[in-house]
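Heads up: the sequence shown begins at -3 in our numbering, then just goes up one per residue.
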Amino acid sequence: MNVIWEVGCCEAIIDFSSTTFSLQAKDSGHVNSLALHLNPNAFDHFHCDQNISIGIAVNSLFKILECASVTIKGDNSIDTIFFIIKGPRGNKIVHADLKLLKMEHKRINIHKGAYKVVVEMPSEHFIRVCMILKGFSDTVTISVANKRVKFSTKVDNGSADANLQKYINTFDVPEETVFVQTKLTDPVSFTFSLRHFSSFMGATSLSNKVTIRMSSGLPVMLEYMIEHMANIRFYLR
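Here is the structure:
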């Protein structure tokens, strides 16, 4: 939940099915989005005998989940979701009701096809590069050529004269730390925003590897796998 909170999401759509728990949300500026998928084995107990979609206020959900161990109950016939908050010994502390939001027309259109370029690298290395480049610009360009990966950002030299030369900060990723999968033969580059850098920085603690997926005209996707039982994806423009 801390990762979702850091993105600046106000509302989220949660889908329950017999095989998964999924959450989709966009940032307050409706630019970047994220998707979280949890398998049933990520929960102490999971049961869902019908598909359910609900809209929920992230701020209210965050406050409830901070309390303690939580049991969530609901179905399609009601406009409220019920929480049973338990103490460390399993004893019930309090019941909480949360009114659902009407979000029929707010579902996020997430690309589900194949991406042209896939890059895998250690998440700590990725965050370290982004952290350095963020000190110069809010956008980063990732370039792929001959299976090599390079991160760069253009920065004004501080002068008010727009005609003066700009300089580029560049980081080449060592070949031994990165895996590149693509059928493209020409060099390609993609640019994404670091506006919500702190959100995917928080995901680094959940996974030691990040997969970066890119295609022309699509948001750059960052995917973190969480112990084979879940994944969280960020879609950055």
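Backbone N, C-alpha and C define an ideal beta-carbon position, used for all residues, glycine too.
### Message
Taking contact to mean 3 or more Cβ pairs, one atom from each stretch, closer than 8 angstroms, check whether the segment 211 to 223 and the segment 168 to 179 are in contact.
### Response
The answer is no - the segment 168 to 179 does not touch the segment 211 to 223, with fewer than three Cβ pairs under 8 angstroms.
#### Entry: Residue nearest to residue 58 in terms of C-alpha spacing, selected from 231, 6, 144 and 46
6
### Query
When the Cα of residue 30 is compared with those of 146, 42, 49 and 10, which residue comes out closest?
From the listed residues 146, 42, 49 and 10, the smallest Cα separation to residue 30 is found for 10.
### Task
Compare the beta carbon distance of residue 133 and residue 151 with 9 angstroms and say whether it is the shorter of the two.
yes
### Query
Would the beta-carbon of residue 222 fall within 9 angstroms of that of residue 122?
no
### Query
By Cβ distance, which residues of its chain are closer than 7 angstroms to residue 76, with the 5 residues on each side in sequence left out?
93, 94, 95 and 96
### Message
Applying the 10 Å Cβ sphere with the 16-neighbour rule, what's the burial state of residue 177?
### Response
exposed
#### Entry: Three-way DSSP call (helix, strand, coil) for residue 139 in this model
strand
#### Entry: Candidates 129, 190 and 227: closest to residue 148 by CA position
129
### Message
Per the DSSP calculation, residue 93 is bridged to which residue(s)?
### Response
Beta-bridge partners of residue 93 (DSSP): 78.
### Message
Would residue 46 and residue 23 qualify as a contact pair, given that the criterion is a beta-carbon distance under 9 angstroms?
### Response
no
### Query
Under the rule that 16 or more other beta-carbon atoms within 10 Å means buried, what is residue 225, buried or exposed?
exposed
### Query
Curious, which full-length beta strand (DSSP E) runs of at least 3 residues does the segment 172 to 197 contain?
175 to 178 and 184 to 189
### Message
Which of the three DSSP states is assigned to residue 58 in this structure?
### Response
helix
### Task
Might you give, ordered along the chain, the residues of its own chain that have their beta carbon closer than 8 angstroms to the beta carbon of residue 16, omitting 5 neighbours on each side?
33, 34, 35 and 36
### Task
Could you check what DSSP says for residue 30 in three-state terms: helix, strand or coil?
strand
### Alpha carbon of residue 119 to alpha carbon of residue 54, nearest angstrom
26 angstroms
### Message
How far does the alpha helix (DSSP H) with residue 124 in it extend, from its first residue to its last?
### Response
119 to 130
### Query
Taking the Cβ atom as the reference point for each residue, do residue 232 and residue 28 lie within a distance shorter than 9 angstroms?
yes
### Query
From this set, 190, 227, 194 and 184, which residue's C-alpha is nearest residue 203's C-alpha?
227
### Message
Considering just the uninterrupted stretch of the beta strand (DSSP E) at residue 7, what are its terminal residues?
### Response
5 to 12
### Task
Throw me the rounded Cβ distance for the residue 12 and residue 48 pair, which I believe falls under 8 angstroms.
The C-beta separation of residue 12 from residue 48 comes to about 4 angstroms, placing the pair in contact by the 8 angstroms criterion.
### Query
Quick one: is residue 206 buried, meaning 16 or more other Cβ sit within 10 Å of its Cβ, or exposed?
Buried: at least 16 other Cβ atoms inside 10 Å.
### Message
residue 51 and residue 110 - do their beta-carbons sit closer together than 9 angstroms?
### Response
Going by C-beta atoms, residue 110 is not nearer than 9 angstroms to residue 51.
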